[in-house]
Each structure stands twice: as C-alpha cells, then as structure tokens.
Amino acid sequence: MLTQPSFGRRLKQLRQQRGKTQSDLTGPGMSSAYLSRLESGARPPTERAVAILAERLGVPAGAFETTDPSGLVDVLAAVLVVGDESGHARRMLESALSGAEHVDVGLQWQAHAHLARLLTADGERSEARTTLTKLAALSDELGHAVLRVYSRLHLARVQRDLGEADSARITALEALRIGSEDSLDNHDMLRCRLLLASVTAELGDLAEAFRISEEACARVGGQTGALAAQTLWTAATVSTRKGNYELSASFLERAMTALSSRDDLLLWMRLRHAAAALALQALPPAPDKAQRYLDEAHPALELVGTAQHQQECAFLHAQLAYVRGEYEEAGRHCEQAATEKVRLNFRDRIRLEMLKAQIRVKQSDPTARARLYALAAEAQAHGMLDLTAEIWRAACLGDQ
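The opening residue of the sequence shown carries number 807 in the numbering used here; numbering runs sequentially from there.
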C-alpha cells in the first residue's frame, strides 16, 4: 500500500530523474495544486492518481513502491553506509544511474566514482573502464583539476590492468598535464607519476621509466607511510625489469620498512607478495626466501584478501613449486589461480598461461612451445615489449 510521505518523495525522484517539471504532469485528472500536495505528502494517493502519474511518467505503478532506495541520492547514501553486500550495492547504483541523466552533475560524479571502486574491487575491469571514462567526462564538466586528475589516474590504472599500456600512458600524461596547468601538487599527482613509470617500463622504455621512478623517490625522501611504500615498490618493479635484482630487493626492503601493518594491512600484504615474486625472479631464484614472505603474508590474506589476491597468491605458489621442480604441484596451483572467474590483470594472466606452457614443456608436451610463441605474439600486439621479451626467454630456456 502506498503511503505518505514516502510516496511524495518517490514521485519527486521519478519526476526529476526524467527531467520533468510539475506542470509536465498536470492535465485532465491532475491539477497543479493536487500534484503539489501529493509531492509534499499532504494528500494520500488514490489509485486513479497513481495510474495517471504512472502513465505520464512512463513507469509502471509499482515504481512508486519504496522498499529499496531508488533515487540516486538515497542509493548513494545507502551504499556508503552499508557497503557492498554480494553485489547488491553495485546493482542499486547501476539502476539508479541508468535514469539519472538530469541529476546534479556533482552527485553523478560521486555515484560513478563509487561504482568504479566497486567494479574495480570485483575485477570487472572492462565495466570499470566504461564507468571511469564517464567519470572523466563528468570531471571535465565540473572543471575541477583535482577531480579531473583523480578520474584519469584511476582510468589509467584500469587500462594498464587490461593490457592497454599505451592508452594508460596517454591517460596518465593527460592527468599530469591537467595537474601541472593548475599547479596541483597532491598525492594523486605523485601516483600518476608512479603509474607512468610502470606503463613506460611495460612499453620497453626502461631508461625513462627509471628516471621517472627516481624522481618520484626523491619527492618522498625519507618519508614513511602508504604513499612512500608505493613509490619504493614502483622503483623496485622498474629495477626488476632492468634486471637489477639487488637494487630491486633494496627498494622493496625499504618499502616494507616504510609501512606498518596497522597503517594499511592490504598494502602490507601485497608488498610481501611482491617480495616473494622478486625472490623467484632473481638469478639464482631464492625459493626459501619467497616461502618466508608468503608465510608472513598469509594471515593478512585471510583477513583482507579479495578473490583477486587469492588468485595472485595461488599464482605465486605455482611459481614457487615450478622453481623447486615440483611440476605437478605447480600445475595444481595454476588451476587454483584460474578457478571460476580469472581476476588477474592482463600481465599476470599472460604470465600464468606462460607458466602453464612451461610446465607442459617439462612434461614433454609437443604443443607447449607453440603456446609460448602465441602468448609472445599476444603480448607484443598489446605493445608490452618487456612482457614479450620475458615470454621469449622462457621459450628459449624451454628449448634447452
């Protein structure tokens, strides 16, 4: 049963979502005074009034029910309070945004930003890219440099994780240009530089990537905390791509020292996963050291790890088993990393497939090398020269 004042609030939401004024709804059977009293909650709705309003709004009569928040303001408030529960918050936001063309641009920006965070956390990167592209357009409409930089930073991250390294580089450079023109010097500007270093390394320009990461490290100096740790981690990643494992290990040790688990447990865990990965890539590999880092990170993974982090950890265990010559165990961990929906980023997804092929080479599978060549071609098609070289090295070692 429809009651006031909830009916009046819902009527106003539906009218505004469709860009209609009160006068658009008036006519035979609905005077402006009666409509005003309905919206204000002063008059209870009759069945005839509901039918007339539903027809003029182009919605079913059931749209006036208010069991769940449906207007963008209410939905955004609800998801910010209760968080995401099995995707319910995401679905509510998507539904509310689908009819919110005439809602305040600032409110649309907040809703798209939150939806992008939910999509990214759930590994829905293609959908997140679409949402963040819209967020960038809304940021331009609002004209605030802080928002324009923020939206492009997160868009570039998703582009990188989708394997679109060149697009990510262009987006990051655009964000830096916008920030520089507005003399912006905040944490997101530094994060843009870190992202630029990462994708520049992916594209094979290691000297430029190292220059950018060195400049970022100079900016943070001896600071501690999450941003300092992220900066040092990026420098470690670039050093690894250059083959300087000793310098990379030094950067990662500094990163882990710079961050307490009390400050950011998720980042604290990811740094140890990164250290384990480095120990396995070093020449010679250090499997015992990698095992120690994985053991140290395990309690945090159980507490705050998402499905994506669980898959990344399974991939690390697969690499560890492979280095130890335990190929059947490595294969089992590979399957674990690929169970259900693969949430790994493009680089890790290709490297997981590469590891599967390497295991098959060890098991004398005659089709394994062809799979490695196909993966190298896929990485090269994405312009990721560093990843391409890594796959070719694996193929060459497999031929020995």
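Heads up, the beta-carbon is just placed ideally off N, CA and C, and yes, glycines get one too.
Query raised in the report: Between Ala1174 and Trp915, what straight-line distance do the alpha-carbon atoms span, to the nearest angstrom?
Result: Working through the sequence shown from its first residue, we reach residue 1174 at position 368. Working through the sequence shown from its first residue, we reach residue 915 at position 109. So the alpha carbons of these two residues sit roughly 48 Å apart.
Requested in this report: Out of Ala951, Val881, Ala1195, point me to the one whose CA is closest to Asp991's CA.
Outcome: For the purposes of this step, residue 991 is taken as the residue at position 185 of the sequence shown. For Asp991, the nearest C-alpha among the options comes from Ala951.
Query raised in the report: By a C-beta neighbour count over all protein chains shown, 10 Å radius and 16 as the cutoff for buried, is Asp994 buried or exposed?
Result: Looking up residue 994 in the sequence shown gives position 188. Buried, because 16 or more other Cβ atoms sit within 10 Å of the Cβ of Asp994.
Query raised in the report: Where does Met836 sit, in a helix, a strand or coil, going by DSSP?
Result: Taking the sequence shown and counting its residues from 1, one reaches residue 836 at position 30. Here Met836 sits in strand by DSSP.
Requested in this report: Give the DSSP-derived three-state secondary structure of Pro1091 in the structure shown.
Outcome: Residue numbering aside, residue 1091 sits at position 285 when the sequence shown is read from its first letter. Residue state, collapsed to three classes: coil.
Report task. Could you tell me whether the Cβ atoms of Ala1106 and Met1075 are closer together than 8 Å? Result -> Translated into the one-based positions of the sequence shown, residue 1106 becomes position 300. Translated into the one-based positions of the sequence shown, residue 1075 becomes position 269. Contact flag set, yes.
Query raised in the report: Could you give the uninterrupted runs of the alpha helix (DSSP H) lying entirely in the region 1112 to 1196, keeping only those of 4 residues or more?
Result: 1113 to 1129, 1133 to 1143, 1152 to 1168, 1174 to 1187
Query raised in the report: Shortest alpha-carbon distance to Ile1197 belongs to which of Asp1171, Leu1038, Met1160?
Result: Looking up residue 1197 in the sequence shown gives position 391. If we check each option's Cα against that of Ile1197, Met1160 comes out closest.
Report task. Check whether the Cβ atoms of Ala1024 and Cys998 sit closer than 8 Å, and answer yes or no. Result -> The residue labelled residue 1024 in the question sits at position 218 within the sequence shown. The residue labelled residue 998 in the question sits at position 192 within the sequence shown. The answer is no: Cβ separation not under 8 Å.
Query - Selection from Ala1136, Gln1114, Gly1131 that minimises the alpha carbon distance to Phe1152 - result: Residue numbering aside, residue 1152 sits at position 346 when the sequence shown is read from its first letter. Selected option, being the one with the closest Cα: Gln1114.
Report task. Run the CB neighbour count on Leu886, radius 10 Å, all protein chains shown included, and call it buried at 16 or more, exposed below. Result -> Indexing the sequence shown from 1 puts residue 886 at position 80. By the 10 Å Cβ count, Leu886 comes out exposed.
Query raised in the report: In the structure shown, what three-state DSSP assignment does Glu871 receive?
Result: Counting from one through the sequence shown, the residue named residue 871 turns up at place 65. Coil.
**Report entry** Beta-carbon proximity list for Thr1194, same chain, < 6 Å, skipping 5 on both sides
**Finding:** Here residue 1194 refers to the residue found at position 388 of the sequence shown. So the qualifying residues of the chain are Ala1182, Ala1185, Gln1186.
**Report entry** Thr852, enclosing alpha helix (DSSP H) - first and last residue
**Finding:** Within the sequence shown, the letter at position 46 stands for residue 852. Per DSSP, Thr852 belongs to no alpha helix (DSSP H) and is neither H nor E.
Query - Gln1169 versus Ala1022: straight-line alpha-carbon distance, rounded - result: Within the sequence shown, residue 1169 is the residue found at index 363, counting from 1. Within the sequence shown, residue 1022 is the residue found at index 216, counting from 1. One C-alpha to the other measures close to 45 Å.
Requested in this report: Tell whether a beta-carbon distance below 8 Å holds between Ala1042 and Leu1084.
Outcome: Reading the sequence shown from its first residue, position 236 is the one you call residue 1042. Reading the sequence shown from its first residue, position 278 is the one you call residue 1084. Yes, these two residues count as a Cβ contact at 8 Å.
Report task. Could you check the C-alpha separation between Ser1045 and His1188 for me, to the nearest Å? Result -> Translated into positions along the sequence shown, residue 1045 becomes position 239. Translated into positions along the sequence shown, residue 1188 becomes position 382. Near 22 Å, if we compare the C-alpha coordinates of His1188 and Ser1045.
Report task. With DSSP as the reference, label Val909 as helix, strand or coil. Result -> On the sequence shown, residue 909 is found 103 positions in, with the first residue counted as 1. Three-state result, Val909: coil.
Query raised in the report: Beta-carbon separation of Leu941 and Ala922 under 8 Å?
Result: Working through the sequence shown from its first residue, we reach residue 941 at position 135. Working through the sequence shown from its first residue, we reach residue 922 at position 116. Result yes, Cβ atoms of Leu941 and Ala922 sit closer than 8 Å.
Requested in this report: For Val879, name the three-state secondary structure that DSSP assigns.
Outcome: By 1-based counting over the sequence shown, the position of residue 879 is 73. Of the three classes helix, strand and coil, the one that applies to Val879 here is helix, per DSSP.
Query raised in the report: Do you know offhand how far Ala857's Cα is from Arg815's?
Result: The count along the sequence shown starts at 1 and reaches residue 857 at position 51. The count along the sequence shown starts at 1 and reaches residue 815 at position 9. Cα to Cα, Ala857 sits roughly 17 Å from Arg815.
Report task. Leaving out five residues on either side along the sequence, give the residues of the same chain with a beta carbon under 7 Å from the beta carbon of Pro851. Result -> Within the sequence shown, the letter at position 45 stands for residue 851. Counting only Cβ-Cβ distances below 7 Å, and skipping sequence neighbours, we find Leu808, Phe813, Leu844.
Report task. Report all residues from its chain with a CB closer than 7 Å to the CB of Ser846; omit the five preceding and five following residues, and keep chain order. Result -> Within the sequence shown, the letter at position 40 stands for residue 846. These residues qualify, in order along the chain: Gly814.
**Report entry** Closest Cα partner of Ala1136 within the set Ala1144, Ile1165, Arg1149, Gly1111
**Finding:** As a first step, residue 1136 is located in the sequence shown; it is residue number 330 there, counting from the start. Ranking Ala1144, Ile1165, Arg1149, Gly1111 by Cα distance to Ala1136 puts Ile1165 first.
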